[in-house]
Amino acid sequence: MSDNQVDAAEYRTVLGRYPTGVTLVSAADSAGPFAMVIGSFGSVSLDPPLVQFMPGKESATWKRIHATGSYCVNVLGEGQLDLSNSFFNKEVDPFEAIDWTPGPTGSPIIAGCVAWIDCSIETIHEAGDHHIVVGAVKGMGEGNSEDKPLLFLGGSYGSFGTVPEN
Numbered sequence: 083m084s085d086n087q088v089d090a091a092e093y094r095t096v097l098g099r100y101p102t103g104v105t106l107v108s109a110a111d112s113a114g115p116f117a118m119v120i121g122s123f124g125s126v127s128l129d130p131p132l133v134q135f136m137p138g139k140e141s142a143t144w145k146r147i148h149a150t151g152s153y154c155v156n157v158l159g160e161g162q163l164d165l166s167n168s169f170f171n172k173e174v175d176p177f178e179a180i181d182w183t184p185g186p187t188g189s190p191i192i193a194g195c196v197a198w199i200d201c202s203i204e205t206i207h208e209a210g211d212h213h214i215v216v217g218a219v220k221g222m223g224e225g226n227s228e229d230k231p232l233l234f235l236g237g238s239y240g241s242f243g244t245v246p247e248n
């Protein structure tokens, strides 16, 4: 527990004003493919190419990803909300209903995503109740360039729209 006196509910509300993309961070082990929904994904470095995501320390899925040493970030499109939600149902394996191919590290590239970034785990930093996982990019690709990414803002999902220039 921190000595900080920030109200947790206010913290969530304020940070909920900042939109995030919706990704599926996938990996595969001897039991098969698996993934977790992550909104805390971002670029770290161009040279060398590094990205990051932040799983909860207690996440069982994160522990499986860590054990594999690699993962693929699948950037979801605006039409993939149901796919995202399917990964919250622990009684059904969403991979039984979707198409995917192994990326350069063997981690699943999920069909229909806006983009994918395949990585090996470079470093892991502890940060409160989460880890900051930095990955070295081993491969990447784009989906349909017309697809808009799925976004999350203030407890709701949406997509990106451009602002008209004056």
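Quick note on my numbering: the sequence shown kicks off at 83 and runs consecutively. Note that CB positions come from ideal geometry on N, CA and C, so glycine has one too.
* Asked: Could you give the distance in angstroms between the alpha-carbon of Asp89 and the alpha-carbon of Ala179?
  -> Straight through space, the alpha carbons of Ala179 and Asp89 are spaced by roughly 41 Å.
* Excluding the five sequence neighbours on either side, which residues of its own chain have a C-beta within less than 7 Å of the C-beta of Thr205, listed in chain order? -> Cβ neighbours of Thr205 beyond the five flanking positions: Val216.
* Where does Leu232 land, buried or exposed, given buried means 16+ other C-beta within 10 angstroms? -> By the neighbour-count rule (16 or more Cβ atoms within 10 Å), Leu232 is buried.
* Spatial neighbours of Thr183 within its chain, please: CB distance less than 8 Å, with the 5 preceding and 5 following residues excluded, ordered by chain position. => If you ignore the 5 residues before and after Thr183, its C-beta comes within less than 8 Å of the C-beta of Pro190, Ile191, Ala193, all in its own chain and listed in chain order.
* Which first and last residues belong to the alpha helix (DSSP H) in which Asn167 is found? -> Unbroken alpha helix (DSSP H) run through Asn167: 163-168.
* To do: Count the other CB atoms, across all protein chains shown, that sit within 10 Å of the CB of Ala149; report buried if there are 16 or more and exposed otherwise.
  => With fewer than 16 other Cβ atoms within 10 Å, it is exposed.
* Asked: Whose C-alpha, out of Asp181, His212, Asp200, Glu173, is nearest the C-alpha of Leu132?
  -> Closest option to Leu132, Cα to Cα, is Asp200.
* To do: Less than 8 Å between the CB atoms is what I'm expecting for Ile203 and Ser152, so what's the real figure, rounded?
  => Confirmed, about 7 Å.
* Asked: In whole angstroms, what is the alpha-carbon distance linking Asn86 and Val174?
  -> Roughly 40 Å between the two C-alpha positions.
* Classify Lys139 as helix, strand or coil using the three-state DSSP reduction. => In the structure shown, Lys139 sits in coil (DSSP, three-state: anything other than H, G, I, E or B).
* **Cα-Cα separation between Met83 and Gly210, rounded to whole angstroms** => Because Met83 sits at a pLDDT of 49, beneath the cut-off of 50, its placement in the model cannot be relied upon, and the following sentence gives the value as read from the coordinates. The C-alpha of Gly210 is placed about 9 Å away from the C-alpha of Met83.
* Asked: If you drop the 5 nearest sequence neighbours on each side, which residues of the same chain put their C-beta closer than 7 Å to that of Arg99?
  -> Around Arg99: Gly236.
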